Amino acid sequence: MKIVCCVKYVPDATADRKFAADHTVDRVGVDGVLSELDEYAVEEALQIREGADDCEIIVVTVGPEPARAAILKSLQMGADAGVHVVDEAIHGSDAVGTSLVLAKAVERQQADLVLCGMASTDGSMSVVPAMLAERLGLAQLTFGTEVAVDGTTVRVRRDDDAASEIIEATLPVLISVTDQANEPRYPSFKGIMAAKKKPVQTLTLADLGIDSSEVGTEAAWTKVEEMRARPPRSAGTIVAADDGAGAERLVEFLASQKFI
Amino acid sequence: MAVDRLLPTSEAYDLLDLVRDICAEQLAPRVTQAEADSAFPRDVFRLLGRTGLMSLPFDEADGGGGQPYEVYLQVLEEFATAWMSVAVDVSVHTLSSSALARFGSQEQRRQWLPGMLGGDQLGAYALSEPQAGSDVSAVATKAVRDGDDYVVNGTKAWISHGPHADFWLLFARTSPDPKTGLSAFHVPAGTTGVSFGAPEKKMGMTASTTTQLLFDDARIPAELRIGDEGQGMAIALSALDSGRLGIAACATGLGQAALDLAVAYAVERRQFGRAIAEFQGLQFLLADMAAAVESARATYLLAARLRDAGRAFGRPAAVAKLVATDAAMKVTTDAVQVLGGYGYTKDFPAERFMREAKVTQIFEGTNQIQRMVIARSLLRDLPR
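In order, the protein sequence lines correspond to chains A and B. Last residue of the first sequence? That's 260 in the numbering used here, and every number before it is there in order. Last residue of the second sequence? That's 1384 in the numbering used here, and every number before it is there in order.
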């Protein structure tokens, strides 16, 4: 079996986020990491491989030069090889453009199973897996909280507030998993050393047969006109409680704000 | 603040990144509660074992990480900055595994090393006794040969994580000779006749359970003896200098934690209308703390690099243990001073750091013993 895992390199959520002059996220000048939500996809792939004979895991990412770190982390965790699509012209692509690049890169792998995280931790669109499945013509089992592969049958549980549903499809399929699906492992030190010897292929838009006019800021369906940092939180309202009437005042406050 | 480290290879930098991630995500959030509850974090050592962090300085062929001491000790230092008990217990596991890795027979190594070094086992070290601390020759626990077994009777003391270990490295007396009367044994957990005393009520490092290990007619198969009969003292001494370096690295990490806390507090705390860090009197205190931590690091790294180069490192190891642990005591005491009244409360970790530092001047050879080692090496040519 061949599994392709799509991963993204995102700014470290614990550090300050910066934006470039064109309102895109600064991915070069800040510390980046493998998107935490994609770690669940990598872990799921590794667990599927543990239960299968002869299974290969290829990690695919689209992003500038430093994005290679997201591939490296996945290889350290245990994936077998990486594909890194780097091209200046991709800068500023929206989900539609990104899914096109990913689709062309994934298509070449002839994978049985494509795994994605449920969303990126920076853009948080969560539409790329669905768009990618559509472009690849694959059944899509998204937001999986539990994945079981039995031969060519794939079963995925989806949980929502009201009910859980089990959906099933036959390979090849695309699955996206949530942060409930598993507990991603830390790379082992042996994994770190082994990762250095694993192959990573670098591709450009031309390699994938994509015209640069199809992607990037200009081709995006939406445009960020303006952006502002969130204003600092203002001081809250203090409800005095020392005279015994605090609860009453708290209820009044909550009611006045229509919280209750 | 992350320490700016000079490491020999790119994989060592990746290794330190992994260690810092684990420290931030798995150790730091739990340390305060676990130390308050005296709760030994057995699961942490399973994670460290699985990720290959319990066997970094051992040969790759034996299941270890093949890392030089220069790298292994800096990993220990990072652990200590996050959680002193965990770092010391990793150092103890290294010490406890080293005898079998170095002196074990082919068969012993084949049978036991994969679990010790490549798995998630935890080893403990059983040398000291109630009446035999610095004076190892006073060990009284007896191992008497009986057919294919040894029958062991006696009391071992100060066994770090004793009851949680999967195996103990035991030193027991097989003949009365003070120097050649000791033998080393690999004792798997569950051996009949082995029990534990009540946990010691310690000043610090309370999450790491310390107990006596009691041998009452415990039968240990002769095939679990490591090395020859009588080779015990030589085996114990061979790992002594390396063990001291482990403690030096742990003490340095603890000092770093105290320094980081003091700096963060001094910048935050305001008195007389300004941050107390603006007062030069306090700046000098912080500067002296940093100088102590950095010189501690420099001394243990020098000894480690000598060891890695195959050179003698006995005296530098004793110097490192002495300098780093005295520095830890001073720096943690000063951190309490910087935090003032808050430093004296358990709402901040400064007082815990200070309690943890004290034992580093005592175990793995008291600092008085270190001075004897250093002096002896200086005065080798003194006529006796």
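Don't be surprised by glycine CBs; every beta carbon is placed ideally from N, CA and C. Remember, it's a predicted structure, so these values are computed and weren't measured experimentally.
Exercise. May I ask you to report which of helix, strand or coil DSSP gives B:W1158?
Key: strand
Quiz item: Under a Cβ-count criterion, where at least 16 other Cβ atoms within 10 Å of its own Cβ denotes burial, should B:F1313 be classed as buried or exposed?
Solution: buried
Quiz item: Under the three-state reduction of DSSP, which class applies to B:C1023: helix, strand or coil?
Solution: helix
Practice problem: Indicate whether the contact test is met: 3 or more Cβ pairs, each with one atom in the region 204–220 of chain A and one in the region 66–78 of chain A, closer than 8 Å. | Solution: Touching, no.
Exercise. Give a yes or no on contact between the region 1241–1261 of chain B and the region 1192–1212 of chain B, applying the rule of three or more CB pairs nearer than 8 Å.
Key: no
Quiz item: Ends of the beta strand (DSSP E) at A:Q180?
Solution: Unbroken run through A:Q180: none, as it is neither H nor E.
Quiz item: In the DSSP assignment, what are the bridge partners of A:S164?
Solution: A:D159
Quiz item: Taking Cβ positions, are B:M1116 and B:G1193 nearer each other than 9 Å?
Solution: no
Practice problem: Starting from the Cα of A:A103, find the closest Cα among A:L208, A:W221, A:D94 and A:E165 and give me that residue. | Solution: A:L208
Exercise. Check the Cβ of A:P187 against every Cβ in chain B and list those closer than 8 Å, keeping chain order.
Key: L1018 and T1051
Quiz prompt | Rounded straight-line distance, which links the Cα of A:R185 to that of A:V101 | solution = Going by the C-alpha atoms only, they are around 29 Å apart.
Practice problem: Classify A:V251 as buried or exposed, calling it buried when 16 or more other Cβ atoms lie within 10 Å of its own Cβ. | Solution: exposed
Practice problem: Could you tell me the boundaries of the alpha helix (DSSP H) in which A:F253 lies? | Solution: G246 to S256
Quiz item: Taking the alpha-carbon positions, what's the A:V114 to A:G29 distance?
Solution: 30 Å
Quiz item: Do we get a CB-CB distance below 9 Å when we pair B:L1015 with the residues of chain A?
Solution: yes
Quiz item: Of all the CB atoms in chain B, is at least one closer than 9 Å to the CB of A:K190?
Solution: yes
Quiz item: Could you check where the alpha helix (DSSP H) with B:V1338 kicks off and where it finishes?
Solution: G1314 to G1343
Self-check item: Beta-carbon spacing of B:A1090, B:L1100 below 9 Å
Solution: Going by the sequence as given, residue 1090 of chain B is Val instead of Ala. It is not a contact, given that the beta carbons lie outside the stated cut-off.
Quiz item: Excluding sequence positions up to five away, which residues of its chain have a Cβ less than 6 Å from the Cβ of B:N1367?
Solution: L1322 and Q1361
Quiz item: If you compare alpha carbons, which of A:A130, A:D112, A:A105 and A:V7 is closest to A:V42?
Solution: A:V7
Quiz item: What do you get for B:H1161, buried or exposed, if any count of 16 or more other CB atoms within 10 angstroms of its CB means buried?
Solution: buried
Quiz item: What does B:D1004 touch in chain A if you count any residue whose Cβ is under 7 Å from its own?
Solution: The contacting residues do not exist; B:D1004 stays about 16 Å from chain A at best.
Practice problem: Please determine if the region 192–207 of chain A and the region 156–172 of chain A are in contact, where contact requires at least 3 C-beta pairs separated by less than 8 Å. | Solution: no
Quiz item: Residue range of the beta strand (DSSP E) that B:F1040 falls in?
Solution: Taken as a continuous stretch (DSSP letters only), B:F1040 belongs to no beta strand (DSSP E), as it is neither H nor E.
Exercise. Run through the region 1173–1214 of chain B for me and flag every whole beta strand (DSSP E) of 3 or more residues, listed as ranges in chain order.
Key: 1182–1188 and 1194–1196
Quiz item: Which residue's Cα is closest to the Cα of A:E226: A:P11, A:P129, A:V25 and A:Y9?
Solution: A:V25
Quiz item: Among B:D1217, B:A1298 and B:D1148, which has the Cα closest to the Cα of B:R1225?
Solution: B:D1148
Quiz item: Between the region 1251–1270 of chain B and the region 1302–1310 of chain B, do three or more beta carbon pairs fall short of 8 Å?
Solution: no
Quiz prompt | Stretch pair the region 1223–1237 of chain B + the region 1033–1052 of chain B: three plus CB contacts closer than 8 Å | solution = The region 1223–1237 of chain B, when compared against the region 1033–1052 of chain B, does not touch it at the 8 Å Cβ threshold.
Practice problem: With a 10 Å radius around its C-beta and 16 neighbouring C-beta atoms as the bar for buried, classify B:A1320 as buried or exposed. | Solution: buried
Quiz item: Name the chain B residues that come within less than 9 Å of A:K196, Cβ to Cβ?
Solution: Within chain B, S1010, E1011 and D1014 have C-beta atoms less than 9 Å from the C-beta of A:K196, given in sequence order.
Self-check item: B:N1367 - partner residues in DSSP beta bridges
Solution: Per DSSP, B:N1367 has no beta bridge partner at all.
Exercise. Report buried or exposed for B:Q1106, applying the criterion of at least 16 other Cβ atoms within 10 angstroms of its Cβ.
Key: exposed
Quiz item: In or out: B:K1346 buried (at least 16 other Cβ within 10 Å) or exposed?
Solution: Counting Cβ neighbours within 10 Å, B:K1346 comes out exposed, since fewer than 16 surround it.
Exercise. If I'm right that B:F1196 touches B:N1153 with Cβ under 8 Å, what's the distance once you round it to whole angstroms?
Key: Actually they are not in contact, since the Cβ atoms of B:F1196 and B:N1153 sit about 16 Å apart, beyond 8 Å.
Quiz item: If we count Cβ pairs, one from each stretch, closer than 8 Å, do we get three or more for the region 1022–1040 of chain B versus the region 231–248 of chain A?
Solution: Between the region 1022–1040 of chain B and the region 231–248 of chain A there are fewer than three C-beta pairs closer than 8 Å, too few to call the two in contact.
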